[in-house]
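Inspection log for the structure reproduced underneath, given as C-alpha cells.
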Amino acid sequence: MIVKIENNDMSKALESKCALVDFSATWCGPCRMLHPVLEELSEELAGQVEFYNADADENGELAAQYGIASIPALLLFQNGQLVNQTVGFQPKAALKAFLGL
Amino acid sequence: MERYDIAIIGTGPAGVSAAITATVRNKRVLLLGSARMSDKVGKAHQVDNYPGLPHISGADFAARLKAHLDEMGIAITEKRVGAVYAMGDYYALQLDEDMVEASTVILATGVVSAKSLPGEERFLGRGVSYCATCDARLYRGKTVAVLGSAADAAEEAEFLAQVVEKVLYFPVGKAPEPKEGANLVIVRELPEAVLGEKAVTGLKTREGEHRVDGVFILRDAVQADRLVPGLRMDENHVAVDLMMRTNLPGCFACGDIAGKPYQYVKAAGQGNVAALSAVSYLAETAKAKEE
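Protein chains in written order, with the working numbering: chain A, 1 to 101; chain B, 1 to 291.
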C-alpha cells in the first residue's frame with residue numbers, strides 16, 4: 001500500500017522508522033511506470049518499509065523544501081532523517097538495493 | 001494491450017540476425033530501428049571478412065540485410081525508443097507517444113559516443129534533467145538551458161518555453177531548431193560544463209557563462225543504461241554473459257553495444273545467441289507460470 005501525502009504534510013513519514021517517499025506527478029511518464037513497481041514492492045516489504053507518494057504539483061512546498069528538481073524522485077527516511085535519495089525509474093531489484101535490502 | 005514476445009532494438013547486423021532467428025522460432029517479434037538500416041553499415045567502405053559475402057560494400061551489405069528481412073516478412077517499425085522499463089515480468093517500451101509491451105528485449109543499438117558534459121552526472125536530479133515533459137513544471141518562473149541534439153529537442157524546448165520563465169536553446173549537431181520567441185532564445189555557443197554548488201547555477205560555454213537554474217540535455221543517442229534504467233554497464237558497453245544475458249532477466253544485448261570487437265560477423269553471431277536465449281527465457285517463464 002502506498003499512502004498519499006496531502007497538504008504538504010509529511011509528518012507520518014518522518015515519524016516512521018523507515019519510509020520511502022516518491023515525489024512524482026501525473027504528467028510524468030517515468031513516474032507513471034514506476035508507480036506499479038513501487039506498489040508491488042510495498043506489498044512485498046509491508047512491515048519493513050512504509051511507502052508514501054507526494055504529487056510534486058500538489059505538494060509544492062515540500063518539493064521545494066527537499067530541492068526536488070527532477071521526478072520521479074525517491075527519498076529514503078529513517079527515523080525522520082533523510083538517508084538516501086535517487087531520481088528516475090528503477091526496476092525492483094535496484095529499488096531493493098537502494099533501500100539497503 | 002498486445003504483448004510481443006521479443007522486442008529488438010536496432011537494425012544493424014546484430015538486430016537483423018536476432019529478428020531472423022526469433023522469427024524462425026515463431027516468436028512475435030517487434031523490430032525497431034531505421035528502415036534504411038544501420039547508418040554505420042551503410043557508410044562502411046568495404047567488408048572483407050563476412051563469410052559468403054567477400055568484398056561487399058557497406059551499402060550492398062545493408063541492402064542484403066533489408067532484403068533478407070523482406071523475404072521473411074519481417075517489418076521494421078520506425079519509431080524512436082524513448083525508454084525501456086523493466087516492469088517485473090515484462091518490459092514497457094515508450095515509442096514516441098505510444099507504449100508497447102514485450103516479454104523480452106534485445107538491445108542491438110550499436111555503441112553511442114554520447115560523452116557526458118562535466119558536471120552532468122553530479123547535478124543529475126539537482127538541475128540536470130533528461131525529460132522536459134517530466135520536469136518542466138518544477139522550473140516555473142526559472143531560466144533553463146536546453147542542449148538540443150535529439151530530433152524532437154526543438155519541440156520539447158517550445159513546450160518548456162510555455163511553462164518556464166526563459167529558455168536558452170543551445171543547438172548541438174544538425175537537429176531542427178525551435179522557433180525563437182519572447183522567452184525562447186537560440187544561443188550559438190558550445191556548451192562545455194554544467195556549473196553549480198548544491199544545485200545547478202549556470203552553464204559554461206566556450207564563449208562565456210550563462211546563469212540558469214536548470215539544464216535540459218536532450219540527446220538522441222542515449223547511453224544504454226539511460227535507455228533501460230537499472231541496466232548494468234561495463235564501462236561504455238552493456239555487461240553481458242556468453243549467452244548475451246544482461247543483469248535484467250529477459251533483457252539481452254548483442255553487437256557493438258555488448259563490447260568489442262566491432263565486427264559485423266561477431267554482431268550477427270551474437271544476435272543469433274541473444275535470440276535463442278530469449279526463446280529459452282520465454283519457455284522457462286511460461287513453464288514457471290504453469291506450475
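Glycine is no exception: its CB is placed at the ideal position from the N, C-alpha and C atoms.
Beta bridge pairing from DSSP links cysteine 18 of chain A with A/Gln78. Residue range 50 to 55 is occupied by the beta strand (DSSP E) that includes asparagine 53 of chain A. Contact annotation, glutamine 48 of chain A with cysteine 18 of chain A: C-beta distance approximately 7 Å; criterion of less than 8 Å satisfied. Taking C-beta atoms as the reference points, tyrosine 85 of chain B and arginine 3 of chain B fail to come closer than 9 Å. In the DSSP annotation of this structure, serine 70 of chain A is not part of any beta strand (DSSP E), being labelled neither H nor E.
Fully enclosed alpha helix (DSSP H) runs of no fewer than 4 residues occupy 224 to 227 of the stretch 170 to 246 of chain B, in order along the chain. Closest by C-alpha distance to glutamate 189 of chain B, out of B/Phe170, B/Leu138 and B/Glu284, is B/Phe170. Inter-residue distance for tyrosine 281 of chain B and serine 38 of chain B is about 27 Å (C-alpha atoms, whole angstroms). In this structure, the alpha-carbon of glutamate 207 of chain B lies about 19 Å from that of serine 116 of chain B. Excluding residues up to 5 positions away in sequence, Phe170, Val172, Pro191 and Ile217 lie with their Cβ nearer than 6 Å to the Cβ of leucine 147 of chain B in the same chain. Cβ neighbours of aspartate 256 of chain B within its own chain (closer than 7 Å, five residues either side excluded): Gly110, Val111, Tyr262 and Ala267. Nearest in C-alpha terms to asparagine 59 of chain A, of all of A/Asp22, A/Leu101 and A/Met1, is A/Asp22. Proximity of the stretch 124 to 144 of chain B to the stretch 38 to 52 of chain B falls short of the contact definition, fewer than three beta-carbon pairs being nearer than 8 Å.
From the listed residues B/Arg64, B/His55 and B/Gly52, the smallest Cα separation to arginine 36 of chain B is found for B/Arg64. CA-CA distance, leucine 138 of chain B to isoleucine 68 of chain A, rounds to 8 Å.
Taking CB atoms only, glutamine 85 of chain A has a neighbour in chain B less than 9 Å away. As computed with DSSP, phenylalanine 252 of chain B is found in a beta bridge with B/Ile106 and B/Arg245.
In the DSSP annotation of this structure, the continuous segment of the beta strand (DSSP E) that includes valine 29 of chain B starts and ends at 29 to 32. A Cβ of chain A is located within less than 9 Å of the beta carbon of methionine 87 of chain B. Tyrosine 264 of chain B has a beta carbon lying at 9 Å or more from every beta carbon in chain A. Counting along the chain, alanine 86 of chain B sits inside the beta strand (DSSP E) bounded by residues 81 to 86. In this structure, the straight-line span from the alpha carbon of serine 277 of chain B to that of glutamine 78 of chain A is close to 41 Å. Glycine 148 of chain B carries a strand assignment under DSSP once its states are collapsed to helix, strand and coil. Annotated as distal: valine 187 of chain B and lysine 166 of chain B, with beta-carbon spacing of 9 Å or more.
According to the DSSP assignment, leucine 34 of chain A belongs to the alpha helix (DSSP H) that extends over 29 to 44.
For arginine 64 of chain B, no beta strand (DSSP E) run applies; the uninterrupted alpha helix (DSSP H) run containing it begins and ends at 58 to 71, by DSSP.
Taking CB atoms only, aspartate 220 of chain B has no neighbour in chain A less than 9 Å away.
Between the alpha carbons of isoleucine 56 of chain B and tyrosine 264 of chain B lies a gap of roughly 12 Å. A straight line joining the alpha-carbon of proline 36 of chain A with that of histidine 237 of chain B spans about 29 Å.
Neighbourhood of threonine 133 of chain B in chain A, by CB distance below 8 Å: Trp27, Cys28 and Gly29, in chain order.
Counting only the Cα atoms, leucine 95 of chain A lies some 11 Å from glutamine 85 of chain A.
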